[in-house]
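Notes follow once the structure below has been shown.
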Amino acid sequence: MFRFYEFKEGFRIALVAIYANKMRSVLTTLGIVIGIVVVTLMATVIEGMGTALDKSISSLGTDVYYLSKWDWFGGEWWKARNRRDVTVEQAEELREKLAIAEAVVPVASTWQKTFKYRNRSVKGNVNGTVPDYEVTSGVVPAEGRFFNLYESNAGRPVCIIGHDVARNLFEREDPIGKTIKIAGYSYRVIGVFEKEGDFLGTSMFSKDTQAFLPLENFLKVFGSNRSIDIHVKMREGVPKEDGKEEMIGIFRSVRRVPAGEENDFGINTQDFLKEVFDSVVGTIGIVGFLITSLSLLVGGVGIMNIMFVSVKERTKEIGTRKALGAKRRSILIQFLIEAATICMIGGLIGLAVSFPLSLIINEILPSSMPLWVVVLSLSISIAVGLVSGIVPAFTAARMNPVDALRYE
Amino acid sequence: MPLIHIKNVVKTYDMGAELVHALSGVSVDIEANEYVSIMGPSGSGKSTLMNVIGCLDTPTSGLYEIEGENVGDLDDNQLAELRNRKIGFVFQTFNLLPRSTALHNVELPLIYAGVPSHDRRALAEQALVSVGLGDRMTHRPNELSGGQRQRVAVARALVNDPSIILADEPTGNLDSKTGIEIMQLFSDLHQQGNTIIIVTHEEDIAAHSHRIIRLFDGKVASDVPVANPLVYQKA
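In structure tokens:
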């Protein structure tokens, strides 16, 4: 039978007892505090990475395949090393044969070239591509424009630069129309992309630090003996699996892969980001879970210990309460509430510690501590209190009143 | 029907190597509104008898009925409920909750009886006024003198309107003057119709009661009325 007054009295007693032993109670909660700090920060980080992932996925464009010599994620790179290069000609052949594709875009890249404007310089990746890149990437320049078919075919020395490149080279100056040096060659800036932001602390997948040139020009300047990427965007309404199968089939024939042999190229999608994300989250989760359970275990044992002390100290009080008519249940509830309250205070201290830390995390990852984390951690605290309080509370509840009254 | 009916009660403790017979066949009847002292040297079984009467312990054999209710059949929780309804305890060491006010201490039995908080407060205040502590309700035990503490304990014993007030050496921790005040309080309560049982080893204290039961070796050695009970006049 549930009686509210028992809870009220239990809660009152718990607060009085905890207040009387402030230092002891707070020290006891240390394990709980650490556990709660870890679990809340972990959740905040995971939540923040999820938000970052969503932004990155949208920056890569959706439903685009990236055919490459390499597998971006997983795969066997030592096998991939021996594959033949993916060439511009293959891209051209694929574009002609793959009718279901809205755009097939060759992208050649080179790493860490110097961009220079007057006395300023910055390093970044350089890509050579064609005007349809706007279609596959789903991004148009925020300022200026992308190069057109004429500039592309003629291999004009024009470029579109990423947001960070523009800011570093030009500060407040308008970059459009200015001429910059890329690896020593002059290019006129005709467009600037919008800022995309980082993912997992790297701008590797964002255009912010990169420059885009007409493919013809790129191959002349940086050499044509290289393996390129092919970005394929399907037409709307093409079923995902069918489109992928057809693309693979055609590209196998383009690369003359004998029937029965495995693909000699990587079919990458943005899904790889999800895989990276899941594996990172998995690692954080496992480590966090271990630390959390360990500290909660230590905390729980500490609570159990202090509850045994509390029960022992108050043996006479228990005897008195029993003499006055307290049933086993009343005593049990009293001590369970005390244990749960101590742990809840630990949980609140933990939240008070981790909330400012989550604000610091927010500087790195776009995230704030979600409400469900607050609810979860307080629930965990109370659960730890109840679990570790149950044995001492039973000890108290089962005391013989005669012996308890005689206890000094 | 007597208020308390004790018939051939035996209480045996198993101390491992030997059986200790704390009570070996005690028979006592106590009527309502009696004022009884239970006396005896240590080891005579008076504490055990008090525990049995107070429903803190059940007899090994024999019959104990309180207002016709057989205590021997009851389990732990039923005993707790019975104590709550029928017994008001006064202890030698007061046994107040040190961090609670006088008022909350007196409210305790009502909390376990499930009395709603508004009624609880009114009853507790009334009990404190009746023991002369109307102006000390919000004081904690360490802010009260020994005599005042014992008065709070008496108020706590009274508040549930029990059948019996059971006092175990109620003046044992008090100086003689304060002790006399407490005994005065018991005399008043007796005159108001309460049944009072005092366990003591002091003749002076027992002299206030109207009947003295002396125990020796777990048996009733004598059970006699007091010819002229001591009554202090109010100063």
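These protein sequences, in sequence, are chains A and B.
Numbered by numbering that gives the first Met the number 0, the letters in the first sequence go through residues 0 to 407 in order.
Numbered by numbering that gives the first Met the number 0, the letters in the second sequence go through residues 0 to 234 in order.
No residue lacks a Cβ here, since even glycine has one placed at the ideal position from N, Cα and C.
Option in A/TYR186, A/VAL191 and A/ALA13 with minimal Cα separation from A/GLU172: Position 173 of the first sequence, counted from the first residue, corresponds to residue 172 of chain A. Among A/TYR186, A/VAL191 and A/ALA13, the Cα nearest to that of A/GLU172 belongs to A/VAL191.
So who's on the other strand from B/VAL130, going by DSSP bridges? In the second sequence, residue 130 of chain B corresponds to position 131, counting from 1. Answer is none; B/VAL130 lacks a bridge partner.
Cβ-based contacts, 9 Å cut-off: residues of the segment 307-336 of chain A near chain B: LYS315, GLU316, GLY318, THR319, ARG320, LYS321, ALA322, LEU323, GLY324, ALA325, LYS326, ARG327, ARG328 and SER329
Straight-line Cα distance separating A/ARG254 from A/ASN81: Against the first sequence, residue 81 of chain A aligns to sequence position 82. Against the first sequence, residue 254 of chain A aligns to sequence position 255. Whole-angstrom Cα-Cα distance: 14 Å.
Inter-residue Cα distance where the pair is A/ALA90 and A/HIS230: In the first sequence, residue 90 of chain A corresponds to position 91, counting from 1. In the first sequence, residue 230 of chain A corresponds to position 231, counting from 1. Going from the Cα of A/ALA90 to the Cα of A/HIS230 covers about 9 Å.
What does DSSP give as the partner residue(s) for B/ARG213 in the beta ladder? Start at 1 with the first residue of the second sequence, and residue 213 of chain B comes out as number 214. B/ARG213 is bridged to B/MET38 and B/SER221.
Rank B/THR170, B/THR137 and B/ASN141 by C-alpha distance to the C-alpha of B/VAL153 and give the top, closest one. As a working mapping, residue 153 of chain B is identified with position 154 in the second sequence. Comparing Cα positions, the closest option is B/THR170.
Is the shortest distance between the beta-carbon of A/GLU408 and the beta-carbons of chain B less than 7 Å? Outside the shown range of chain A (0 to 407) lies residue 408 of chain A, about which nothing can therefore be said.
Does chain A have any CB closer than 7 Å to the CB of B/PHE88? For the purposes of this step, residue 88 of chain B is taken as residue 89 along the second sequence, with counting starting at 1. It does; some Cβ of chain A falls within 7 Å.
Taking Cβ-Cβ distances shorter than 8 Å, what residues in chain E pair up with B/TYR111? Checking the listed chains, one finds no chain E in this structure; the protein chains it contains are A and B.
Starting from A/ALA19, find everything on chain B with Cβ-Cβ shorter than 7 Å and list it in chain order. One-based indexing of the first sequence puts residue 19 of chain A at position 20. Those are ARG98, listed as they occur along chain B.
For A/ILE266, does the three-state DSSP call read helix, strand or coil? The residue labelled residue 266 of chain A in the question sits at position 267 within the first sequence. Here A/ILE266 sits in strand by DSSP.
Let's test the definition: count the other Cβ atoms within 10 Å of the Cβ of A/ARG119 and tell me whether it reaches 16, buried, or not, exposed. The residue labelled residue 119 of chain A in the question sits at position 120 within the first sequence. Exposed.
Min CB distance B/PRO108 to chain A below 7 Å: The count along the second sequence starts at 1 and reaches residue 108 of chain B at position 109. So yes, B/PRO108 belongs to the interface.
Would you call the segment 56-75 of chain B and the segment 137-145 of chain B touching, i.e. three or more CB-CB distances under 8 Å? no
What in chain B is Cβ-close to A/VAL401, meaning under 8 Å? Translated into positions along the first sequence, residue 401 of chain A becomes position 402. Within 8 Å Cβ-Cβ: ASN50, LEU55 and ASP56.
The alpha helix (DSSP H) enclosing B/MET182, as first and last residue numbers: On the second sequence, position 183 is the one that residue 182 of chain B refers to. Note, B/MET182: alpha helix (DSSP H), 175-190.
Got a sec: is the Cβ-Cβ distance from B/ALA104 to anything in chain A below 7 Å? The count along the second sequence starts at 1 and reaches residue 104 of chain B at position 105. Checking the sequence, you will find Asn at residue 104 of chain B rather than Ala. No, B/ASN104 lies away from the interface with chain A (no Cβ there is under 7 Å from its Cβ).
Mapping the DSSP letters down to three states, classify A/ILE348 as helix, strand or coil. The residue given as residue 348 of chain A occupies position 349 in the first sequence. Of the three classes helix, strand and coil, the one that applies to A/ILE348 here is helix, per DSSP.
Strictly under 7 Å for the Cβ-Cβ distance: is B/ARG82 near chain A by that measure? As a working mapping, residue 82 of chain B is identified with position 83 in the second sequence. True, the Cβ-Cβ gap to chain A drops below 7 Å.
Could you say which of A/GLU46, A/ILE33, A/GLU142 and A/VAL106 lies nearest to A/GLU88 if we only look at CA atoms? As a first step, residue 88 of chain A is located in the first sequence; it is residue number 89 there, counting from the start. Here the closest residue by C-alpha is A/VAL106.
How many Å lie between A/LEU218 and A/PHE276 at the Cα? The count along the first sequence starts at 1 and reaches residue 218 of chain A at position 219. The count along the first sequence starts at 1 and reaches residue 276 of chain A at position 277. When rounded, the distance between both Cα atoms is 34 Å.
Mind checking if A/TYR4 is an interface residue toward chain B, Cβ cutoff 7 Å exclusive? To locate residue 4 of chain A, count along the first sequence from 1; it is residue 5. So, interface residue.
Can you pull the chain A neighbours of B/ASN32, defined as C-beta to C-beta under 7 Å? Your numbering for residue 32 of chain B matches position 33 in the second sequence. Those within 7 Å of B/ASN32 in chain A number zero; the least Cβ separation is about 23 Å.
Below-7 Å beta-carbon distance, B/TYR12 vs any chain A residue: Reading the second sequence from its first residue, position 13 is the one you call residue 12 of chain B. It does not: the Cβ of B/TYR12 has no partner Cβ on chain A nearer than 7 Å.
Is B/ASN32 helix, strand or coil by DSSP? The count along the second sequence starts at 1 and reaches residue 32 of chain B at position 33. Three-state result, B/ASN32: coil.
Reference B/ARG82, options B/VAL158, B/SER129 and B/LEU188, closest by Cα: Reading the second sequence from its first residue, position 83 is the one you call residue 82 of chain B. Measuring from the Cα of B/ARG82, the nearest candidate turns out to be B/VAL158.
Closer than 9 Å by beta-carbon distance: list the chain B residues that pair up with A/VAL15, in chain order. Numbered from its first residue, the first sequence carries residue 15 of chain A at position 16. Per Cβ cutoff of 9 Å: LEU96, ARG98 and SER99.
I'd like to confirm the pairing. Which residues does DSSP put opposite A/ASN126 in its beta bridges? The sequence position of residue 126 of chain A within the first sequence is 127, counting from 1. Partner(s): A/SER108 and A/PHE211.
Beta-carbon spacing of A/PRO156, A/ALA165 below 7 Å: Numbered from 1 along the first sequence, position 157 holds the residue referred to as residue 156 of chain A. Numbered from 1 along the first sequence, position 166 holds the residue referred to as residue 165 of chain A. No.
Nearest by alpha-carbon distance to A/ASP131: which of A/THR109, A/ALA100, A/LYS122 and A/VAL125 is it? Against the first sequence, residue 131 of chain A aligns to sequence position 132. The option with the nearest alpha carbon to A/ASP131 is A/ALA100.
Per-residue burial, B/TYR12 [other beta carbons within 10 Å of its own, 16 or more giving buried]: For the purposes of this step, residue 12 of chain B is taken as the residue at position 13 of the second sequence. It is exposed - the Cβ of B/TYR12 has fewer than 16 other Cβ atoms within 10 Å.
Span of the beta strand (DSSP E) around B/VAL198: For the purposes of this step, residue 198 of chain B is taken as the residue at position 199 of the second sequence. Its beta strand (DSSP E) spans residues 194-198.
Whole-angstrom distance between B/ILE181 and A/ILE12, CA atom to CA atom: Residue 12 of chain A sits at position 13 when you count from the first residue of the first sequence. Residue 181 of chain B sits at position 182 when you count from the first residue of the second sequence. Cα to Cα, A/ILE12 sits roughly 29 Å from B/ILE181.
Tell me whether the beta-carbon of B/GLU151 lies closer than 7 Å to the beta-carbon of B/ALA126. Position 152 of the second sequence holds residue 151 of chain B. Position 127 of the second sequence holds residue 126 of chain B. Note that residue 151 of chain B is Val in the sequence shown here, rather than Glu. No, these two residues do not count as a Cβ contact at 7 Å.
Establish whether the CB of B/ALA121 and some CB of chain A are separated by less than 7 Å. Taking the second sequence and counting its residues from 1, one reaches residue 121 of chain B at position 122. So, not an interface residue.
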